[in-house]
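Numbering of the sequence shown is given in UniProt numbering, commencing with residue 1 and proceeding in unit increments.
Structure first, commentary second.
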Amino acid sequence: MAAQLNGAPVPNGGTDSSAAMHATNGLAPPKISDLDGKAPAPSDWANYFCTYAYLYHQKDMLEDHKRTGAYYQAVMQNRRQFEGKVVLDVGTGSGILAIFAAKAGARKVYAVEATPMAKFAQNLVEHNELGGVVEVIQGTIETVSLPEKVDIIISEWMGYFLLRESMLDSVLVARDRFLKPGGALYPSHARLYLALMRSQNTQQRVNDFQGAMEGWADFAQDMRHFYGVDMNCLDNSYRREQKEYYLETSAWADIHPSQLLGPACCFKEYDLLHVTLEELAAPLQEKLRLDVLDGGPVEGLVGFFDVQFRGSPQNPADFPVSLSTAPDPTGATHWGQQTFCLHPPIDCAPGDAVEGSIRITRKKENHRLMQVIIDHKVTGSSLIAQASPQRTSLYHIE
Numbered sequence: 001m002a003a004q005l006n007g008a009p010v011p012n013g014g015t016d017s018s019a020a021m022h023a024t025n026g027l028a029p030p031k032i033s034d035l036d037g038k039a040p041a042p043s044d045w046a047n048y049f050c051t052y053a054y055l056y057h058q059k060d061m062l063e064d065h066k067r068t069g070a071y072y073q074a075v076m077q078n079r080r081q082f083e084g085k086v087v088l089d090v091g092t093g094s095g096i097l098a099i100f101a102a103k104a105g106a107r108k109v110y111a112v113e114a115t116p117m118a119k120f121a122q123n124l125v126e127h128n129e130l131g132g133v134v135e136v137i138q139g140t141i142e143t144v145s146l147p148e149k150v151d152i153i154i155s156e157w158m159g160y161f162l163l164r165e166s167m168l169d170s171v172l173v174a175r176d177r178f179l180k181p182g183g184a185l186y187p188s189h190a191r192l193y194l195a196l197m198r199s200q201n202t203q204q205r206v207n208d209f210q211g212a213m214e215g216w217a218d219f220a221q222d223m224r225h226f227y228g229v230d231m232n233c234l235d236n237s238y239r240r241e242q243k244e245y246y247l248e249t250s251a252w253a254d255i256h257p258s259q260l261l262g263p264a265c266c267f268k269e270y271d272l273l274h275v276t277l278e279e280l281a282a283p284l285q286e287k288l289r290l291d292v293l294d295g296g297p298v299e300g301l302v303g304f305f306d307v308q309f310r311g312s313p314q315n316p317a318d319f320p321v322s323l324s325t326a327p328d329p330t331g332a333t334h335w336g337q338q339t340f341c342l343h344p345p346i347d348c349a350p351g352d353a354v355e356g357s358i359r360i361t362r363k364k365e366n367h368r369l370m371q372v373i374i375d376h377k378v379t380g381s382s383l384i385a386q387a388s389p390q391r392t393s394l395y396h397i398e
């Protein structure tokens with residue numbers, strides 16, 4: 001049986017006995033949401049949390065210098081906002097953000113980590129002689145207690161296309177449970193973008209799909225020839241499975257700006273100080289308009305995000321910092337971009353636009369994964385636009 005910490009199971013058994021790494025004895029605040037006090041399901045530990053319990057995974061994120069550097073700048077260039085303050089790091093991982101906050105002069109930093117990575121965070125904190133400021137707590141933010149409210153919440157919660165993994169839920173629970181009135185979140189805002197692109201990867205995925213179907217045909221023929229078993233009743237099911245995998249599942253990519261056919265459309269902005277859990281859980285549906293500056297074909301769409309560190313109205317950042325995952329000639333962050341292939345590609349002319357809507361929902365079988373539906377049509381005065389049909393494309397962000 002897994003050990004328990006404040007009602008939450010701890011994988012791999014037990015908790016660290018270090019005096020600095022424990023659940024504090026503060027009183028839990030009143031319940032403010034359905035997630036407050038609710039430990040993650042066992043499947044969440046197996047499918048999500050456990051991946052962050054390994055140093056190699058933490059290393060992959062830390063050596064993304066665009067990511068780590070943006071957080072470092074957001075904290076260190078805004079020392080005045082952190083000096084003497086109480087800070088909560090949600091999902092501290094290796095403890096790096098908690099260490100930044102302590103180095104910036106925070107009076108106290110609570111570093112909460114759900115996985116056994118907490119023991120490595122504790123080692124790092126003590127090795128850097130910050131144990132008197134940083135308190136590592138192994139547990140989930142929905143179940144731990146703190147002895148005081150905090151001035152700042154810092155967290156690196158973003159997933160692919162911003163929302164995959166749904167960790168923002170936990171940050172909002174932390175905000176509602178522990179943030180003082182007038183307190184700040186780092187980052188404070190987040191934006192989602194979509195752009196049109198050309199990409200050889202789209203044709204490669206089409207070729208891979210066709211190759212998979214040819215392989216199935218050869219397999220079915222062999223089954224009939226060698227074993228007398230007719231597999232044809234499974235043809236359509238296999239086709240649907242392979243089509244979803246190759247043509248309807250988004251893919252990580254490092255897109256160069258030269259592949260974009262026009263400016264990106266910012267279709268959603270979140271003010272993290274005010275967005276609610278209910279808003280976040282509801283389907284996200286927004287209109288799109290993507291202008292075409294360079295003629296088609298449009299072989300796919302590329303999705304990415306940015307976050308801003310602006311502080312709060314009562315305690316604004318002296319030096320606002322932005323972290324972007326947009327296509328960049330110097331290379332991608334570890335998030336890269338999510339690409340959505342269009343098969344067949346869309347023809348368009350310079351001056352046209354692709355208009356429609358995007359709908360993002362959480363998957364019922366796993367709320368940390370997403371489903372994206374994009375309705376789109378080429379509009380404009382060109383003959384291509386006038387002949388363009390309305391299309392609907394379905395994608396999975398796994």
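Ideal Cβ placement from N, Cα and C applies to all residues, glycine included.
Between the segment 136-156 and the segment 350-362 there are fewer than three C-beta pairs closer than 8 angstroms, too few to call the two in contact. A residue is called buried once 16 or more other Cβ atoms fall within 10 Å of its Cβ, and F304 is buried on that count. The closest CA to that of E248, considering only L277, Q371, D169, S357, is found on Q371. For E286, no alpha helix (DSSP H) encloses it; the enclosing beta strand (DSSP E) starts and ends at 284-291. Taking each of I255, M76, L280, E398 in turn and checking the Cα distance to D328, the smallest one comes out for I255. Within the segment 282-369, the complete beta strand (DSSP E) segments at least 3 residues long are 284-291, 298-311, 316-324, 337-346, 353-362, listed from N- to C-terminus. Collapsing the DSSP output to three states places R391 in a strand. For T325, same chain residues with a beta-carbon under 6 angstroms away, outside a window of 5 residues either side, are F304, F305, T333, W335 in chain order. Between K108 and Q308, the alpha-carbon positions lie close to 24 angstroms from each other. Per DSSP, I96 is one residue of the alpha helix (DSSP H) stretching across 96-103. Look at the segment 158-241 and you find these whole runs of beta strand (DSSP E), each 3 residues long or longer: 179-186, 189-197. Relative to the Cα of A317, the nearest Cα in the group T68, K119, M76 belongs to M76.
For a cut-off of 8 angstroms, the C-beta gap from I358 to E286 is around 6 angstroms, short enough to register as a contact. One thing to note: V125 has its Cβ no nearer than 9 angstroms to the Cβ of A101. Boundaries cannot be given for E148, as no alpha helix (DSSP H) includes it and DSSP labels it neither H nor E.
Cβ neighbours of Y270 within its own chain (closer than 6 angstroms, five residues either side excluded): A190. Going by C-alpha positions, A387 is about 58 angstroms away from F82.
At the C-beta level, G296 and A349 come within 9 angstroms of one another.
Here DSSP, grouped into helix, strand and coil, assigns H376 to strand.
Selection L293, N366, T276, R289 evaluated against C265 yields R289 as nearest (Cα-Cα).
Residue burial annotation: S381 is exposed, with fewer than 16 other C-beta atoms found within 10 angstroms of its C-beta. Listed as beta-bridge partners of V112 by DSSP are V90, I137.
When C-beta atoms of the segment 203-211 are compared with those of the segment 230-249, three or more pairs fall below 8 angstroms, so the two segments count as touching.
Looking at G69, E241, L277, the one whose alpha-carbon comes closest to that of V171 is L277. Around the beta carbon of Y227, a 10 Å sphere encloses fewer than 16 other beta carbons of the protein chains shown; the residue is thus reported as exposed.
For K85 against D151, the beta-carbon gap comes to about 4 angstroms, under 8 angstroms, which counts as contact. In this structure G139 touches V112 by the C-beta definition: roughly 6 angstroms separates them, less than 8 angstroms.
Nearest to A184 by alpha-carbon distance, out of S322, T202, P313, is P313. In this chain, the beta strand (DSSP E) harbouring K268 covers 265-271.
Closest in C-alpha terms to D89, from the list L179, L55, R80, comes L179. Taking the C-beta atoms as reference points, R164 is found nearer than 9 angstroms to I397. In the structure shown, the three-state DSSP call for L383 is helix. Excluding its 5 nearest sequence neighbours in each direction, L97 has C-beta neighbours in its own chain below 7 angstroms: Y71, D89, I154, E156, listed in chain order. Under the DSSP assignment, A253 falls in the beta strand (DSSP E) whose first and last residues are 251-253. Check the Cα spacing between D291 and each of L194, C233, A281: the tightest is with L194.
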